[in-house]
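Counting the sequence shown from 1 gives a position; my numbering is that position plus 55.
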Amino acid sequence: MLRDTDGYVSGQELCNKFGVSRTAIWKVINQLKEAGYEIEAAQNKGYHLIAAPDVMTEAELESLKNTQWAGCEIYCFDSIDSTNTKAKELAEAGHPSGTLVVADQQTLGRGRRGRSWESPAGTGIFMTLMLKPDINPNNASMLTLVAAMATARAITEVTGEAAQIKWPNDIVMNGKKVVGILTEMSAQFDYINHIVVGIGINVHNEEFPEEIAKTASSLLLECDHRIHRASLIEAFLEEFERLYAVYLETEDMSGLQKEYDSLLVNRGRQVRVLDPKEPFEGKAMGITKKGELIVDTWESRKLVSSGEVSVRGIYGYV
Ligand code: ATP
56 MLRDTDGYVS GQELCNKFGV SRTAIWKVIN QLKEAGYEIE AAQNKGYHLI
106 AAPDVMTEAE LESLKNTQWA GCEIYCFDSI DSTNTKAKEL AEAGHPSGTL
156 VVADQQTLGR GRRGRSWESP AGTGIFMTLM LKPDINPNNA SMLTLVAAMA
206 TARAITEVTG EAAQIKWPND IVMNGKKVVG ILTEMSAQFD YINHIVVGIG
256 INVHNEEFPE EIAKTASSLL LECDHRIHRA SLIEAFLEEF ERLYAVYLET
306 EDMSGLQKEY DSLLVNRGRQ VRVLDPKEPF EGKAMGITKK GELIVDTWES
356 RKLVSSGEVS VRGIYGYV
């Protein structure tokens with residue numbers, strides 16, 4: 056209620072709404088203050104929210120939420136092994152599509168092909184959106200592309216700076232990786248049990264371990280100001296809901312191809328496709344309706360499927 060108004064909410068209004076005493080309201084306001092919320096209490100006017108702390112709690116995320124189904128259930132953790140693992144457990148326990156898991160730290164954050172994802176406390180957003188879509192499992196890998204678009208757009212919305220997609224699953228700013236996405240699926244033949252879309256965003260990091268220092272960056276380093284993490288999560292959920300609806304119309308990227316290509320950092324650039332069977336170089340042209348990367352080599356046009364493949368710039372990371 057405090058968030059929904061620019062002005063004041065009287066103690067009486069809060070008492071009526073929640074059916075509790077003035078003392079109970081006063082106690083909760085004090086708890087919020089202890090959690091870092093700046094709240095002004097003015098006589099005869101009531102309470103006014105001045106600023107919210109950078110916390111990722113159920114209460115903070117719920118009070119910002121403006122979506123139909125994305126984030127319908129939200130579970131927040133200070134520290135967890137992996138948000139993807141938790142989201143899978145919740146899926147198997149019967150929680151609905153749209154359930155969101157958020158953590159401030161991961162102790163076993165994962166990347167593709169068994170690699171790890173640096174997930175230190177207090178600096179990032181580690182979240183997983185769980186989906187139970189009624190789609191063909193062969194079309195599921197495109198959800199990584201949809202999630203990448205939603206993340207890039209949300210970052211630009213909140214920071215005001217350009218964020219681009221390094222096909223298929225990373226977001227870069229000024230050529231450095233600020234986000235990694237790991238999509239995992241549980242399916243039987245032609246039926247999807249669940250999909251978990253895990254997203255790790257480097258937000259307030261000021262430095263990185265030596266192994267990734269050259270390629271990794273954070274929103275703080277690229278934008279020079281601290282953003283409110285819960286607002287970025289909310290922006291992502293809204294973007295994802297919109298883009299996912301377009302994806303579902305055709306179960307492919309037909310309706311999103313143009314917008315995806317406009318966000319694609321590799322577009323028009325020479326790339327090296329690290330295909331485990333046979334690496335090759337060419338010029339990245341954009342994506343197909345199926346989400347493959349179109350790469351023109353000197354002899355032919357190749358369509359690269361995501362999954363096991365990484366793409367690099369030939370002169371550097373992008
Ligand atoms: P690429 O190898 O081209 O970076 P990828 O998509 O194959 O991309 P991912 O599986 O998304 O890689 O991510 C795992 C890799 O990302 C790790 O091996 C490491 O190099 C790097 N990495 C790990 N943690 C972070 C982080 N917090 N920020 C940026 N990069 C990271």
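For every residue, glycine included, the Cβ atom is placed at its ideal position computed from N, Cα and C. Since we're looking at a predicted model, the values are computed, not measured.
Contacting residues, own chain, Cβ-Cβ under 8 Å from residue i (five flanking each side not counted)
i	result
residue 165	137, 139, 171, 172, 237, 253
residue 295	125, 184, 201, 202, 205
residue 337	325, 326, 328, 350, 351, 352, 353, 357
residue 117	129
Cβ shell of residue i (< 6 Å), same chain only, five flanking positions each side left out
i	result
residue 109	283, 284
residue 115	285
residue 103	63, 95
Same chain only: Cβ atoms within 7 Å of residue i, ignoring 5 sequence neighbours per side
i	result
residue 312	342, 344
residue 367	326, 327, 329
residue 194	306, 307
Reference residue i, options the options, closest by Cα
i	options	result
residue 278	271, 224, 216	216
residue 67	230, 76, 61	76
residue 287	309, 214, 371	214
residue 321	222, 142, 65	222
residue 207	85, 103, 319, 70	319
Closer than 7 Å: residue i CB and nearest the ligand NAD heavy atom
i	result
residue 173	The ligand NAD is not among the ligands present in this structure, which contains only the ligand ATP.
CB of residue i within 8 Å of CB of residue j, strictly
i	j	result
residue 232	residue 270	yes
residue 134	residue 162	yes
residue 63	residue 100	yes
residue 255	residue 234	yes
residue 113	residue 127	no
residue 209	residue 290	yes
residue 141	residue 241	no
residue 292	residue 122	yes
residue 181	residue 146	no
residue 230	residue 372	yes
residue 276	residue 258	no
Could you tell me whether the stretch 174–191 touches the stretch 242–251, using the rule of 3 or more Cβ pairs below 8 Å? yes
Could you tell me which whole beta strand (DSSP E) segments of length 3 or greater appear in the stretch 235–292? 246–257
What beta strand (DSSP E) runs, 3 residues minimum, are completely inside the stretch 181–222? Within the stretch 181–222, the complete beta strand (DSSP E) segments of 3 residues or longer fall at 219–221, listed in chain order.
Mind pulling the alpha helix (DSSP H) runs of 4 or more residues that sit fully within the stretch 72–147? 77–89, 113–119, 138–147
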